[in-house]
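Taking it in order: structure first as C-alpha cells, then the write-up.
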Amino acid sequence: MAQKNNSSSSVDVSILSSGVKIEGKIYSEGNMRIDGKVFGDVTVNGNLTLGDSSEVEGDVRAMNVTVSGNVKGLVEANEKVILEANSSLEGELTAKILVIEEGAKFNGKSNMNSVKSKSEVADANKK
Numbered sequence: 004m005a006q007k008n009n010s011s012s013s014v015d016v017s018i019l020s021s022g023v024k025i026e027g028k029i030y031s032e033g034n035m036r037i038d039g040k041v042f043g044d045v046t047v048n049g050n051l052t053l054g055d056s057s058e059v060e061g062d063v064r065a066m067n068v069t070v071s072g073n074v075k076g077l078v079e080a081n082e083k084v085i086l087e088a089n090s091s092l093e094g095e096l097t098a099k100i101l102v103i104e105e106g107a108k109f110n111g112k113s114n115m116n117s118v119k120s121k122s123e124v125a126d127a128n129k130k
C-alpha cells in the first residue's frame, strides 16, 4: 500500500501493479489504482482509477471511477465515471455524471441516476 502525503492531509491509495492478476473479489476502504488484471468484483469506498494496462471482468463500484483500460461488466459510481481516450467499457453503467473522451469505446447501457444505497434497495424490495 502506498501513502501520498500532503501538508494538510494524507490519502491512502492501494495499488495493484501491472503484471499482477487477481481472481476473486477486491474491497478497499480508501482509494485504489489498478494496473493489473482482475477477474471478479471490485468495491472501493473512495475513488477507483483503472490504468492503461488494466483489465477488469466483473462488477466495479466506487465513489468515482476513472477508466483508462478495459472493463467488462457493471460499473456503478456514486458520483462520476470518466472513460478516458483509449478506454473500453462493455456493460452497464450507472452514475450521476458521465464523461466520455474522444476515442473511448462504450458498448452497453447507461443510467444517469444516483446509485441506490443498500437500505433503499431493501426498502424497494419490501414493496
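Numbering (our numbering), first residue to last: 4 to 130.
Here a beta-carbon is modelled for each residue, glycine too, at the ideal position from N, C-alpha and C.
Bear in mind the structure is a predicted one, so any value in this text is a computation, not a measurement.
Cα atoms of Asn110 and Ile37: separation of roughly 21 Å, rounded to the nearest angstrom.
DSSP, reduced to helix, strand and coil, places Ala80 within a strand of the structure shown.
Counting the other Cβ atoms within 10 Å of the Cβ of Met35 gives 16 or more, which makes it buried. Between Gly27 and Gly43, the C-beta gap is smaller than 8 Å, which places the two residues in contact.
Looking at Lys99, Val74 and Ala98, the one whose alpha-carbon comes closest to that of Glu58 is Val74. Excluding sequence positions up to five before and after Asn50, its CB lies within less than 7 Å of the CB of Asn34, Ala65, Met66 and Asn67, all in the same chain and listed in chain order.
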